[in-house]
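Residue numbers (the working numbering), protein chains in the order written: chain P, 63 to 316; chain B, 188 to 622.
Every residue, glycine too, gets a C-beta built ideally from N, C-alpha and C.
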């Protein structure tokens, strides 16, 4: 893993964003390297999702800088983020329930025929191809995604991120609604994507899962960064106390 | 993909389609056609056989055209979880402007005189431009300013109704341009031969589209219907198109009128000469609008984004869709369709009257909703809305024919709307659709 060579894949520098009087994210910095999984932990409302939405273009930061490969990236909309090969899997999955899997997978990036009309057949074929790899049990290609189970919906959301060759993947609670088997599937996929050299931001409440999946974990509280640690340097208890107390025990000991 | 032996074999796990289900017909569509048939039959019996006649069905189609054209646009509005209460008033404003262009601007200001060949196209272009501007303005208020569409168009309902009044000082403007009036229905038809030619072209195009869709599926190894089912659907479609043409051709031009036409040419009408009206231009217009809107809904990105936004506005936005601009475009399209309806409606009446399009917003919304457009958004079809308009109109004219009192007519139409939506909700629950 080439973590020390060259600029990081993503560098969030002194990001701040406020809603009304509330500083949801307050001067937070964070880096992500290629082939690395960085976990974001913290209570509800700690600012994890808000921070990550600045990167995915859903929110616009008030202050701070985003650097991709060491150069400043002007990300103001989800479309901008997609141009930098940043793909996001939202907690809510962000699927249009009334459309089928291919329509959702290609939403905003439809394949078209020479006449400029959407090419449903080609999109369906591509969907079948990627689903065969991600979730071979997936059959309901032509049904609205509202008819799918939680795990199947999740695989549509994941397929959307994977299909378009993401370099940076943001996963907001990807396993929150899943059963044991499907959670395992997502964990395997994270490992596979990491091996392919993607950088992954992972948001979760499950400390144990994070210790298993991540290379580093960052803990946030009240919009501020409590600390970032390599998982092999800390115990689950250390992480928990960072989440609860908002203090980094290792920094305090030093 | 050189092996062609088992390309069309369904993949394992896909249910085999046999019997009736192999036709893959839309059961909702069948239900609506069934409802229409029941209505026709009931009125036919109640009116001593006057309802299902070429003459009445001809009139029914030309009366439906105006509301049906607007209903196709209302589908997009409702699918994106908006509403447009102002369509009747926009129609009135467009109609008023077009009437003034035809009777004042072109003949007097431009000095072209009455019935100049340029008058109708220019009037229509101006009308459509007015409709687009009004619609886009509504869309901007809804999309960019965040004012609920209900409020914007409720205001628009009053504003545009009275802009129309102001434009014409409340007068009835007419008679309109002779060429313009051919778009109203009975004053402009393709004639028998022209109708058959148009019908055959339409049938050929429909068959070609069915075959192209099948070929496309086969080339991607998707399961396709058995060939007999494909042929059956094709036969139904072709039968429907040609049957419709035959129906409109069967309504003969009255003898007196034919005589006058021959006299105008300095000829004498041969004995026993008859001629059918054929397909009115207004219906050709409706069909073209319907095809264009269906293509937009199903095969363009714009249409895809409309349905995605209706299904989940947040997801659409996170997918990089500019939902605000989308709203402007949808309302602008609605405005353009109101203008086209204004052409048909005022041409049919041969003049612009101050109350043109009054209550059309309710008829249009009812047509879209009866046609299966869900007010929750995300669901709706163009052909459904047109059928909805036809059902509403057939109820209305059927009751008038049978001699039901005017207040009772409206009570029935209002109740039918509510009952139709109730049936729809029950149907969706039964079939397991979540919305």
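Handout entry: Chain-ordered chain B contacts of residue 180 of chain P [CB-CB under 9 Å]
Key = If you number the first chain from 1, residue 180 of chain P lands on position 118. Neighbours of residue 180 of chain P on chain B, chain order: 485, 486, 487, 488, 490, 491.
Problem - Contact the region 494–501 of chain B vs the region 159–177 of chain P: 3+ CB pairs below 8 Å - result: yes
Exercise for the section: Run down chain B in chain order and give the residues with a C-beta less than 7 Å from the C-beta of residue 170 of chain P. Expected result: Walking along the first chain from the start, residue 170 of chain P turns up at place 108. Ordered by position in chain B, the residues that pass the 7 Å Cβ test against residue 170 of chain P are 506, 507, 508.
Problem - Pair within 8 Å by beta-carbon distance, residue 101 of chain P and residue 266 of chain P - result: Within the first chain, residue 101 of chain P is the residue found at index 39, counting from 1. Within the first chain, residue 266 of chain P is the residue found at index 204, counting from 1. Yes. Within cutoff.
Problem - Cβ-based neighbour list, residue 227 of chain B, same chain, cut-off 7 Å, excluding 5 preceding and 5 following - result: Taking the second chain and counting its residues from 1, one reaches residue 227 of chain B at position 40. Cβ neighbours of residue 227 of chain B beyond the five flanking positions: 238, 239, 581.
Practice task
Indicate whether at least one CB of chain P lies closer than 8 Å to the CB of residue 403 of chain B.
Solution key: To locate residue 403 of chain B, count along the second chain from 1; it is residue 216. Output row for residue 403 of chain B: interface = yes.
Problem - Alpha-carbon spacing of residue 460 of chain B relative to residue 383 of chain B, whole angstroms - result: Indexing the second chain from 1 puts residue 460 of chain B at position 273. Indexing the second chain from 1 puts residue 383 of chain B at position 196. Approximately 19 Å, taken between the alpha carbons.
Problem - Three-way DSSP call (helix, strand, coil) for residue 540 of chain B in this model - result: Along the second chain, read from residue 1 onward, the residue named residue 540 of chain B stands at position 353. Here residue 540 of chain B sits in coil by DSSP.
Exercise for the section: Counting only runs of 4+ residues fully inside the region 312–378 of chain B, write out the alpha helix (DSSP H) ranges in chain order. Expected result: 336–355, 365–368
Handout entry: Chain-ordered residues of the region 565–580 of chain B with a beta carbon less than 9 Å from chain P
Key = 565, 566
Handout entry: C-alpha gap between residue 505 of chain B and residue 513 of chain B, whole angstroms
Key = As a first step, residue 505 of chain B is located in the second chain; it is residue number 318 there, counting from the start. As a first step, residue 513 of chain B is located in the second chain; it is residue number 326 there, counting from the start. Each residue's alpha carbon lies about 14 Å from the other.
Practice task
Could you please give me the residues that DSSP links to residue 278 of chain P through a beta bridge?
Solution key: Counting from 1 along the first chain, the entry for residue 278 of chain P is found at position 216. Bridge partners of residue 278 of chain P: P/100, P/292.
Problem - Cβ distance (whole Å) where residue 366 of chain B is taken to contact residue 302 of chain B below 8 Å - result: Looking up residue 366 of chain B in the second chain gives position 179. Looking up residue 302 of chain B in the second chain gives position 115. Between residue 302 of chain B and residue 366 of chain B the Cβ distance is about 7 Å, and since that is below 8 Å, they are a contact.
Handout entry: Among P/269, P/309, P/274, the one whose alpha carbon lies nearest that of residue 103 of chain P
Key = If you number the first chain from 1, residue 103 of chain P lands on position 41. Out of P/269, P/309, P/274, P/269 has the C-alpha closest to the C-alpha of residue 103 of chain P.
Practice task
Would you please verify whether the beta carbon of residue 263 of chain B is less than 8 Å from any beta carbon of chain P?
Solution key: What you label residue 263 of chain B is simply residue 76 of the second chain in a count that begins at 1. With 8 Å as the cut-off, residue 263 of chain B does not count as an interface residue toward chain P.
Problem - Cβ separation of residue 466 of chain B and residue 311 of chain B, assumed to be a contact under 8 Å, to the nearest whole Å - result: If you number the second chain from 1, residue 466 of chain B lands on position 279. If you number the second chain from 1, residue 311 of chain B lands on position 124. Wrong, their Cβ atoms sit about 20 Å apart, outside the cutoff.
Handout entry: Closest residue to residue 132 of chain P among P/291, P/70, P/284, P/80 (Cα-Cα distance)
Key = As a position in the first chain, residue 132 of chain P is number 70, starting the count at 1. Residue P/70 is the option with its Cα nearest to residue 132 of chain P.
Practice task
Measure from the C-beta of residue 407 of chain B to each C-beta in chain P and report whether the shortest distance is under 8 Å.
Solution key: One-based indexing of the second chain puts residue 407 of chain B at position 220. Chain P, which has a Cβ nearer than 8 Å to the Cβ of residue 407 of chain B, makes this yes.
Practice task
Since I believe residue 276 of chain P is in contact with residue 288 of chain P (beta carbons under 8 Å), could you give me their beta-carbon distance rounded to a whole number of angstroms?
Solution key: To locate residue 288 of chain P, count along the first chain from 1; it is residue 226. To locate residue 276 of chain P, count along the first chain from 1; it is residue 214. About 16 Å; that fails the 8 Å criterion.
Practice task
Give a yes or no on whether the minimum CB-CB distance between residue 266 of chain P and chain B is below 8 Å.
Solution key: Counted from its first residue, the first chain places residue 266 of chain P at position 204. False, the Cβ-Cβ gap to chain B never drops below 8 Å.
Exercise for the section: Report yes if the CB atom of residue 372 of chain B is closer than 8 Å to the CB atom of residue 469 of chain B, and no otherwise. Expected result: Indexing the second chain from 1 puts residue 372 of chain B at position 185. Indexing the second chain from 1 puts residue 469 of chain B at position 282. Closer than 8 Å, so yes.
Handout entry: Burial state of residue 605 of chain B, where buried means 16 or more other Cβ atoms lie within 10 Å
Key = The count along the second chain starts at 1 and reaches residue 605 of chain B at position 418. With fewer than 16 Cβ atoms within 10 Å of its Cβ, residue 605 of chain B is classed as exposed.
Practice task
Starting from the beta carbon of residue 230 of chain B, find every residue of chain P whose beta carbon is closer than 8 Å, and list them in chain order.
Solution key: Here residue 230 of chain B corresponds to residue number 43 of the second chain, with the count starting at 1. By Cβ distance, chain P contributes nothing, its closest Cβ being about 36 Å from residue 230 of chain B, past 8 Å.
Handout entry: Residues that residue 125 of chain P bridges to, as DSSP identifies them
Key = Here the question's residue 125 of chain P lines up with position 63 in the first chain. BP columns for residue 125 of chain P point to P/78.
Practice task
Could you spell out where the alpha helix (DSSP H) holding residue 450 of chain B opens and where it closes?
Solution key: The count along the second chain starts at 1 and reaches residue 450 of chain B at position 263. Residues 442–451.
Problem - Limits of the alpha helix (DSSP H) - the one that residue 189 of chain P falls within - result: One-based indexing of the first chain puts residue 189 of chain P at position 127. 182–196 is the span of the alpha helix (DSSP H), which, as asked, contains residue 189 of chain P.
Handout entry: Neighbour list for residue 195 of chain P in chain B, Cβ cutoff strictly below 7 Å
Key = Locating residue 195 of chain P in the first chain gives position 133, where the first residue counts as 1. Within chain B, no residue comes near residue 195 of chain P; the closest Cβ sits about 16 Å away, beyond 7 Å.
Practice task
Whole angstroms is fine: what's the gap from residue 337 of chain B's alpha carbon to residue 195 of chain P's?
Solution key: Position 150 of the second chain holds residue 337 of chain B. Position 133 of the first chain holds residue 195 of chain P. Taking the straight line joining both Cα atoms gives about 46 Å.
Problem - Any C-beta of chain P under 8 Å from that of residue 194 of chain B - result: Sequence index remark: in the second chain, residue 194 of chain B carries index 7 (1-based). Bear in mind that the predicted position of residue 194 of chain B carries a pLDDT of just 38, short of 50, making it unreliable; the figure below should be weighed with that in mind. No, its Cβ sits nowhere closer than 8 Å to a Cβ of chain P.
Exercise for the section: Count the C-beta pairs between the region 271–284 of chain B and the region 352–368 of chain B that are closer than 8 Å, then say yes if the count reaches three, no if not. Expected result: yes
Exercise for the section: Can you tell me which of B/593, B/603, B/575, B/447 puts its alpha carbon nearest to the alpha carbon of residue 636 of chain B? Expected result: As shown, chain B starts at 188 and ends at 622. That puts residue 636 of chain B outside it, with no answer to give.
Exercise for the section: Could you have a look at residue 271 of chain B and say whether DSSP puts it in helix, strand or coil? Expected result: Counted from its first residue, the second chain places residue 271 of chain B at position 84. In this structure, residue 271 of chain B counts as coil in the three-state DSSP scheme.
Handout entry: Outcome for residue 262 of chain B when other beta-carbon atoms lying within 10 angstroms are tallied against a minimum of 16
Key = By one-based count along the second chain, residue 262 of chain B stands at place 75. Flag for residue 262 of chain B reads buried.
Handout entry: Segments assigned alpha helix (DSSP H), at least 4 residues, entirely inside the region 532–614 of chain B
Key = 547–557, 569–589
Handout entry: Helix, strand or coil at residue 283 of chain P according to DSSP, with G and I counted as helix
Key = As a working note, residue 283 of chain P is residue 221 in the first chain. Note: residue 283 of chain P maps to strand in three-state DSSP.
Practice task
With DSSP as the reference, label residue 87 of chain P as helix, strand or coil.
Solution key: Residue mapping note: residue 87 of chain P aligns to position 25 of the first chain, counting from 1. Residue 87 of chain P: strand per DSSP, three-state reduction.
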